[in-house]
Structures are given as structure tokens and as C-alpha cells.
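For our numbering, count along the sequence shown from 1 and bump the result up by 504. For glycine and all other residues, C-beta sits at the position ideal for the given N, C-alpha and C.
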Amino acid sequence: MVAADAGPVPGPGVPTVARHWPVGTRPPVLRGWEPPATPYGPGHRGVDLAAVAGAPVRAVAAGRVSFAGRVAGRGVVSLELTGTGDPPLRTTYEPVEVSVRKGDEVAAGEVLGTVEPTGSHCAACLHWGLLRGDVYLNPLSVLPPWLLAGGPSRLLPVLGVPLPAPPRAQATAPAP
Numbered sequence: 505m506v507a508a509d510a511g512p513v514p515g516p517g518v519p520t521v522a523r524h525w526p527v528g529t530r531p532p533v534l535r536g537w538e539p540p541a542t543p544y545g546p547g548h549r550g551v552d553l554a555a556v557a558g559a560p561v562r563a564v565a566a567g568r569v570s571f572a573g574r575v576a577g578r579g580v581v582s583l584e585l586t587g588t589g590d591p592p593l594r595t596t597y598e599p600v601e602v603s604v605r606k607g608d609e610v611a612a613g614e615v616l617g618t619v620e621p622t623g624s625h626c627a628a629c630l631h632w633g634l635l636r637g638d639v640y641l642n643p644l645s646v647l648p649p650w651l652l653a654g655g656p657s658r659l660l661p662v663l664g665v666p667l668p669a670p671p672r673a674q675a676t677a678p679a680p
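Shown next as C-alpha cells:
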């Protein structure tokens, strides 16, 4: 298992635009991103996230569906992320029982489909990829640190501690 805590460094021109994980709250990364040494070399052009069949697959950020269909027997969704440059960043998700269509505009967190029960290269996972043009990038790099670390800090009231007294007005001496 690969720890997502390692903190991916965003690639050049990769803004941290994600507002959601594609599945779950903070799913374990079963296999990390392994960039190939050459365009057609071996590697892993995405990350595999633990996910059960039927789990909702959500858009990590707002965008437009650029592909929704089957590739090599597996359901695939590709989403061009809004405001990420030219060419835009594109996230891919598979295997997905697709519920969106090419051209649909989706909001961050919107359901794109559900994890298909079979047909993936791993059992019980979602393969999530990121590209800019034809260049594969680490998809974890679009996640802001607070999503990688488990959420923002929240201050809670301390029970049993009295509130400070309001400041008292200070008396001023009359002017001579």
C-alpha cells in the first residue's frame, strides 16, 4: 500500500483544484503513480484507490465530460477541469458504470457513475488518472493538502473554562 501522506509535489502547472476525492472520504492508495521513463514505457499512469463495487464516483473538481463510454470492455469517464489552462487538465476514472454523457457540465463532487464490480486490473479499486494534453501527471497533485491530510483544523469550545471578563472602561482624569 502506498501512503498518500507522502505529499505529492504538484507538477509544473498543476493547480490544486480538487475539492473531493473521487471515491470515499480518504481512500487508501493501493498503487501509486509510477511515471514511465519513455512515452510508451512501463509504469502506472495514475493511482488505484480502494473502492467497493457500486461506490459513487465523483468529479474531483468542476468540469466538462470529454468522454463517457467503454474502452477495452471497461467503463471510462474523462473530465476536462474548468480553469486549468490550455490544454486543460483532464482526469480519468475507470472502471465506472457511467451515468453522465459527453458534453455534460459537472460540479465538484457530482456523481459521474459508480465503480463497476469487474473489469479492472485490480480487485476493489478505482483507477484515477490525470493528463495535460498527452502528458500523464500524478492525480494526487490536484488535491490540496487539507484533503490529503484528512481535513482542515477546526477550533472547538473548551468546556468548563469561563469566558474572559469584558474589558472595564478606564476612568480618565478630568482635563485641567
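Along the alpha helix (DSSP H) that carries residue 537, what are the first and last residues, could you check?
Note, residue 537: premise wrong, no alpha helix (DSSP H); not H, not E.
Please state whether DSSP places residue 512 in a helix, a strand or coil.
The pLDDT assigned to residue 512 is 47, lower than 50, so where the model puts this residue is not dependable, and the model offers no usable value.
Across the region 577-591 and the region 538-554, are there enough close Cβ pairs to call them in contact, namely three or more that are closer than 8 Å?
Counting Cβ pairs under 8 Å, fewer than three are found: no touch.
Simplified DSSP state of residue 603, which is helix, strand or coil
Residue 603 falls in the coil class under three-state DSSP.
Cβ of residue 530 within 7 Å of any heavy atom in the ligand FAD?
In the structure on display, the ligand FAD does not appear, and there are no ligands present to speak of.
Taking a contact to mean a Cβ-Cβ separation below 8 Å, would you say residue 610 touches residue 569 in this structure?
Taking 8 Å as the Cβ cut-off, residue 610 and residue 569 qualify as a contacting pair.
To which residues of the same chain is residue 608 closer than 6 Å at the C-beta, ignoring the five residues directly before and after it?
The residues are 569.
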